[in-house]
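Structure first, then comments.
Right, dumping it as C-alpha coordinates:
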(Lines of atoms letter the chains of each structure in order from A; the text may use other names.)
(Lines give C-alpha, C1' and ligand atoms only; values in the text may rest on other atoms or scores of the structure.)
Protein backbone atom coordinates (compact mmCIF):
# COMPACT_ATOMS: atom_id res chain seq x y z
CA UNK A 73 0.00 0.00 0.00
CA UNK A 74 1.48 3.34 -1.02
CA UNK A 75 1.80 6.17 1.45
CA UNK A 76 -0.23 9.28 0.75
CA UNK A 77 2.69 11.51 1.76
CA UNK A 78 0.47 13.46 4.13
CA UNK A 79 1.15 13.62 7.82
CA UNK A 80 -1.12 15.45 10.23
CA UNK A 81 0.37 18.77 11.28
CA UNK A 82 1.02 19.48 14.92
CA UNK A 83 -1.08 22.25 16.42
CA UNK A 84 0.49 25.70 16.75
CA UNK A 85 1.63 26.33 20.33
CA UNK A 86 0.62 29.49 22.19
CA UNK A 87 3.16 30.50 24.83
CA UNK A 88 1.71 33.86 25.83
CA UNK A 89 2.97 35.96 22.92
CA UNK A 90 1.65 36.44 19.39
CA UNK A 91 -1.96 35.58 20.20
CA UNK A 92 -3.41 37.05 16.98
CA UNK A 93 -1.14 34.89 14.81
CA UNK A 94 -1.75 31.80 16.96
CA UNK A 95 -5.53 32.33 16.77
CA UNK A 96 -5.50 32.42 12.95
CA UNK A 97 -3.34 29.29 12.80
CA UNK A 98 -5.46 27.50 15.40
CA UNK A 99 -8.68 28.29 13.55
CA UNK A 100 -7.23 26.80 10.35
CA UNK A 101 -5.98 23.77 12.30
CA UNK A 102 -9.41 23.11 13.82
CA UNK A 103 -11.13 23.63 10.45
CA UNK A 104 -8.78 21.08 8.88
CA UNK A 105 -10.14 18.48 11.30
CA UNK A 106 -13.78 19.65 11.01
CA UNK A 107 -13.72 20.88 14.62
CA UNK A 108 -14.13 24.63 14.16
CA UNK A 109 -17.94 24.78 14.21
CA UNK A 110 -18.25 22.90 17.50
CA UNK A 111 -15.48 25.09 18.94
CA UNK A 112 -17.23 28.27 17.89
CA UNK A 113 -20.80 27.28 18.81
CA UNK A 114 -20.34 24.65 21.51
CA UNK A 115 -23.38 22.95 20.01
CA UNK A 116 -23.83 19.25 20.66
CA UNK A 117 -26.06 16.95 18.60
CA UNK A 118 -29.50 16.08 19.89
CA UNK A 119 -30.49 12.59 20.94
CA UNK A 120 -30.69 9.78 18.42
CA UNK A 121 -34.08 9.05 16.90
CA UNK A 122 -35.84 5.82 17.71
CA UNK A 123 -34.44 2.74 15.93
CA UNK A 124 -31.35 4.39 14.42
CA UNK A 125 -29.32 2.63 11.76
CA UNK A 126 -25.71 1.68 12.39
CA UNK A 127 -24.61 4.54 10.14
CA UNK A 128 -26.71 7.01 12.16
CA UNK A 129 -25.28 5.69 15.43
CA UNK A 130 -21.74 6.02 14.09
CA UNK A 131 -22.37 9.56 12.78
CA UNK A 132 -23.95 10.57 16.09
CA UNK A 133 -21.00 9.21 18.07
CA UNK A 134 -18.58 11.10 15.83
CA UNK A 135 -20.54 14.34 16.33
CA UNK A 136 -20.67 13.79 20.10
CA UNK A 137 -16.89 13.39 20.33
CA UNK A 138 -16.04 16.50 18.29
CA UNK A 139 -16.18 18.80 21.32
CA UNK A 140 -13.73 16.61 23.22
CA UNK A 141 -11.44 16.34 20.21
CA UNK A 142 -11.43 20.13 19.83
CA UNK A 143 -10.72 20.59 23.54
CA UNK A 144 -7.87 18.09 23.30
CA UNK A 145 -6.41 20.03 20.35
CA UNK A 146 -6.60 23.26 22.32
CA UNK A 147 -4.97 21.66 25.35
CA UNK A 148 -2.15 20.42 23.13
CA UNK A 149 -1.71 23.87 21.59
CA UNK A 150 -0.86 25.88 24.69
CA UNK A 151 2.31 25.85 26.75
CA UNK A 152 2.30 24.27 30.22
CA UNK A 153 2.28 27.71 31.84
CA UNK A 154 -0.79 28.81 29.86
CA UNK A 155 -2.50 25.45 30.43
CA UNK A 156 -1.97 25.76 34.19
CA UNK A 157 -3.48 29.25 34.15
CA UNK A 158 -6.49 27.96 32.22
CA UNK A 159 -6.98 25.13 34.73
CA UNK A 160 -6.77 27.52 37.68
CA UNK A 161 -9.31 29.89 36.11
CA UNK A 162 -11.62 26.97 35.29
CA UNK A 163 -11.51 25.83 38.93
CA UNK A 164 -12.27 29.38 40.10
CA UNK A 165 -15.15 29.61 37.62
CA UNK A 166 -16.57 26.29 38.86
CA UNK A 167 -16.30 27.51 42.45
CA UNK A 168 -18.24 30.65 41.54
CA UNK A 169 -20.91 28.57 39.82
CA UNK A 170 -21.25 26.32 42.87
CA UNK A 171 -21.42 29.32 45.18
CA UNK A 172 -24.14 30.91 43.03
CA UNK A 173 -26.20 27.71 43.16
CA UNK A 174 -26.45 27.52 46.95
CA UNK A 175 -29.88 26.20 47.97
CA UNK A 176 -32.12 28.50 50.05
CA UNK A 177 -31.30 28.28 53.74
CA UNK A 178 -27.64 27.43 53.08
CA UNK A 179 -26.41 30.99 52.47
CA UNK A 180 -23.56 30.55 54.97
CA UNK A 181 -21.90 28.08 52.60
CA UNK A 182 -18.63 29.33 51.14
CA UNK A 183 -16.29 27.90 48.55
CA UNK A 184 -12.55 27.91 49.08
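Residue numbers (the numbering used here): 73 to 184. C-beta: ideal position from N, C-alpha, C; glycine also.
Proximity of residue i and residue j at Cβ, strictly below 8 Å
i	j	result
residue 84	residue 148	no
residue 142	residue 120	no
Sheet register partners of residue i (DSSP bridge)
i	result
residue 86	150
Bounding residues of the alpha helix (DSSP H) (the contiguous stretch that carries residue i)
i	result
residue 111	108-113
residue 104	91-104
Helix, strand or coil at residue i according to DSSP, with G and I counted as helix
i	result
residue 120	coil
residue 156	helix
residue 139	helix
Any C-beta of chain B under 8 Å from that of residue i
i	result
residue 168	Among the chains of the structure shown, chain B does not appear; only one protein chain is present.
C-alpha gap between residue i and residue j, whole angstroms
i	j	result
residue 169	residue 111	22 Å
residue 165	residue 99	25 Å
residue 101	residue 88	19 Å
residue 90	residue 79	26 Å
beta-carbon residue i near the ligand NAD non-hydrogen atom, thresh 7 Å
i	result
residue 153	With respect to the ligand NAD, the structure shown offers nothing to examine, as it has no ligands at all.
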